[in-house]
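Enquirer: For reference, each letter of the sequence shown is one residue, going 1 to 339 in the UniProt record's numbering.
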Amino acid sequence: MSSLISTPTTLHLGPDPTKNNKPIIKDPTTTAVVSNLTTSEFLNASGDEANLTDFWRNREAGNIYRHAEHLTFPVTPCLVDYAQLCQMVSSSSTKVVEVMDMCCGTGVVSSYIQKMMRELPGAQRGRVRLTSADSSEAQLGVVKEKVEREGWVGSEIKQADIMFDVVIVAMALMLISDPYISLSECFRVTKPGGTVATSTWVTEGWIPDTRDAVAHLALPGQQPVSWPQSSIELTSAWGPGAWESPSFVKSMFTAAGFVDVEVDVVTKWVPFSGVDQWCTVFQAFMHGVMERFWTKAQREGLKGRLMPTLRAFMEEKYQGMPFEVERTVLLARGRKPEA
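1) Just the Cα atoms here: how many angstroms apart are tryptophan 278 and cysteine 104?
2) Taking a contact to mean a Cβ-Cβ separation below 9 Å, would you say glutamate 244 touches tryptophan 201 in this structure?
3) Which one of Thr328, Phe285, Val169 has the shortest CA to CA distance from arginine 211?
4) DSSP state of tryptophan 201, grouped into three classes?
5) Are the CB atoms of threonine 235 and methionine 290 nearer to each other than 9 Å?
6) Along the chain, where does the alpha helix (DSSP H) containing serine 132 start, and where does it finish?
7) Should glutamine 229 go down as buried or exposed, given a rule of 16 or more other Cβ atoms within 10 Å for buried?
8) Locate the alpha helix (DSSP H) running through alanine 312, then write down its first and last residues.
9) Would lysine 115 be called buried (16 or more neighbouring beta carbons within 10 Å of its own) or exposed?
10) Helix, strand or coil, according to DSSP, for lysine 191 in the structure here?
11) Using a Cβ-Cβ cut-off of 9 Å, state whether aspartate 81 counts as contacting chain D.
12) Measuring straight from C-alpha to C-alpha, what distance separates proline 121 and serine 90?
13) Based on DSSP bridge pairs, tell me the residues matched to arginine 125.
14) According to the Cβ coordinates, are isoleucine 195 and glycine 334 closer than 9 Å?
15) Aspartate 101 bridges to which residues according to DSSP?
16) Between which two residues does the alpha helix (DSSP H) containing methionine 235 stretch?
17) Taking contact to mean 3 or more Cβ pairs, one atom from each stretch, closer than 8 Å, check whether the segment 264-278 and the segment 311-326 are in contact.
18) Which one of Val96, Arg188, Leu85, Ser110 has the shortest CA to CA distance from lysine 336?
19) The alpha helix (DSSP H) that contains glycine 288, what's its start and end?
20) Closest to isoleucine 207 by CA distance: which of Glu326, Val167, Ala332, Arg129 is it?
21) Kindly indicate which three-state DSSP category lysine 268 falls into: helix, strand or coil?
22) Valine 169 and leucine 85 look like a contact to me (Cβ under 8 Å); what is the Cβ gap, rounded to whole Å?
23) With DSSP as the reference, identify every bridge partner of phenylalanine 323, one or two as the case may be.
24) In or out: proline 179 buried (at least 16 other Cβ within 10 Å) or exposed?
25) To the nearest angstrom, how far is the alpha carbon of glycine 126 from that of alanine 213?
26) Between which two residues does the alpha helix (DSSP H) harbouring glutamine 87 extend?
27) Between valine 281 and the rest of its own chain, which residues show a CB-CB distance below 8 Å, the 5 nearest in sequence each way excluded?
28) If you follow the alpha helix (DSSP H) that phenylalanine 253 is in, where does it begin and where does it stop?
29) Hey, valine 109 and methionine 117 are a contact pair by Cβ (cut 8 Å); roughly how many whole angstroms apart?
30) Could you tell me if histidine 287 is buried or exposed, where buried requires 16 or more neighbouring beta carbons within 10 angstroms of its beta carbon?
31) Quick one: Cα of glycine 257 to Cα of serine 184, how far?
32) Just to confirm, are threonine 328 and glycine 221 a CB contact at a threshold of 9 Å?
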């Protein structure tokens, strides 16, 4: 298996951003390249807001979001299985299967694919070339650490201008300012006969607790802060479209040109040992809600009180006992017709 870290142009955060290539790993066994987008001045305002661009490109974003892998990983095997990657690899006698982990974040999907390939028969392990791509240099820094720590093999310096047999987009389409163009771009970079598989939010089980926790959080003399009252309010806050709806997602895949489109809804209950772990995992999510739902004055005046408020509520509710949080996602898969 070979791997590449780069930034593609296929999922647009904004119009025509400029690219700048930077090598980030150079050692005898593993080499990778980051092509990271330049600053958000090239993005339009709506795209910048919708995608939390400033946050993802902040140097601390990778450190904050890596903790969220506890929540994001449990549904990862479901998505990779849904992409039918193993079937494609096992049915290919000599062909190299090109795989794109689009919007890879901290590399949860890429890491799982690496581990999964190691469990295949020896002859099949070298049939996958994995491209891990994201516009956040901070998050790619976390991927770089995984490449070194987990011993990802056969990585190479190369631009992501190839066509792919499998494109996987995990938990990203609902955060993109124009997901329809993005899905069409996924179609464009997929080889005829290739597959695109995505996952999107349906139910984020942490909403009810956090909603109740901040019900009385307010600046002096003002109304309490706004907060998503349901998962749908959260999932609708960044990008347009009902990406939690199976029929909608199936329609959008079909409109983009895919055939043999299938969708499925999967629920995982994510365990937490206690409130300390919960607070660590959810830092990134709380930041996103504040940026989208709070006024500037509320962010400046109440940011420091949010996590203590949440902690106090969770400690009172769970009394030091372990608990679980629901994560339900919608999986979708479509095939690009043969030329």
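C-beta atoms are modelled at their ideal positions from N, C-alpha and C, and glycine is treated no differently. None of these values were measured; they are calculated from a predicted model.
Expert: So, from the listed chains and residues:
1) Their backbone Cα atoms lie some 23 Å apart in a straight line.
2) yes
3) Phe285
4) Reduced to three states, the DSSP call for tryptophan 201 is strand.
5) no
6) Unbroken run through serine 132 is the beta strand (DSSP E), 128-133; no alpha helix (DSSP H).
7) exposed
8) 296-318
9) With fewer than 16 Cβ atoms within 10 Å of its Cβ, lysine 115 is classed as exposed.
10) It is a strand residue.
11) Of the chains in the structure shown, none is chain D; there is only one protein chain.
12) 9 Å
13) For arginine 125, no pairing in a beta bridge is given by DSSP.
14) Sequence inspection shows threonine at residue 195; the isoleucine mentioned does not correspond to that position. Closer than 9 Å, so yes.
15) Ser132, Ile168
16) According to the sequence displayed, residue 235 carries threonine and not methionine. Start and end: 231-235.
17) The segment 264-278 vs the segment 311-326: in contact.
18) Closest in C-alpha terms to lysine 336, from the list Val96, Arg188, Leu85, Ser110, comes Arg188.
19) Per DSSP, glycine 288 is one residue of the alpha helix (DSSP H) stretching across 283-293.
20) Glu326
21) Assigned with DSSP and collapsed to three states, lysine 268 falls in strand.
22) 14 Å between Cβ atoms; not a contact.
23) Phe272
24) buried
25) Taking the straight line joining both Cα atoms gives about 50 Å.
26) 85-91
27) His67, Ala68, His70, Leu71, Phe272
28) 246-256
29) Valine 109 to methionine 117, Cβ: 13 Å. No contact.
30) It counts as buried.
31) For glycine 257 and serine 184, the gap between their C-alpha atoms comes out near 8 Å.
32) Going by C-beta atoms, threonine 328 is not nearer than 9 Å to glycine 221.
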